[in-house]
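Counting with the UniProt record's numbering, you get residues 1 to 115 for the letters of the sequence shown. For glycine and all other residues, C-beta sits at the position ideal for the given N, C-alpha and C. The model shown is predicted, which means the values in this text are computed figures rather than measured ones. Data block below; observations after.
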Amino acid sequence: MKKIFYILSVFILCVSIQHVVHSQSDAPELSSDCLEERKVRDEKHVKNIIQDIKSTFNLNIDEHSFWEVSKRDLEAAHLMYGGKENDSYYNSLTKIYDSGGFSEQPSLFVRAQEA
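See below:
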């Protein structure tokens, strides 16, 4: 009796797992239009957040006086100017990119004279 119960339990478990696996493979996917709309919406959201930060802290930031620096640009500049291994300034700047928790790659803005 225990063997029959065990075999029946395993059979029911296998059937239910198979059903779950097949139902997930038929899951709907987002269309390319929807993905594009999501990207545009996210960009607008980021711009609104940046504008809110600028107005809240009274920052005088315009696109002409600051350069946007990517992690790759930062690494290239670090190598060009010596590439010290224990450079605390460089390490503090790269923590911005390595901290995670962002939906997109974070941006670092630097004035031309500070670069």
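Count the C-beta pairs between the region 68-76 and the region 89-97 that are closer than 8 Å, then say yes if the count reaches three, no if not.
yes
Closest to Ser65 by CA distance: which of Lys2, Val10 and Phe109 is it?
Phe109
Quick check: what's the CA-CA separation for Ile50 versus Lys39?
Between the alpha carbons of Ile50 and Lys39 lies a gap of roughly 17 Å.
Can you check DSSP and say which residues form a bridge with Phe109?
Glu68
Can the beta-carbon of Lys54 be found closer than 8 Å to that of Ile61?
yes
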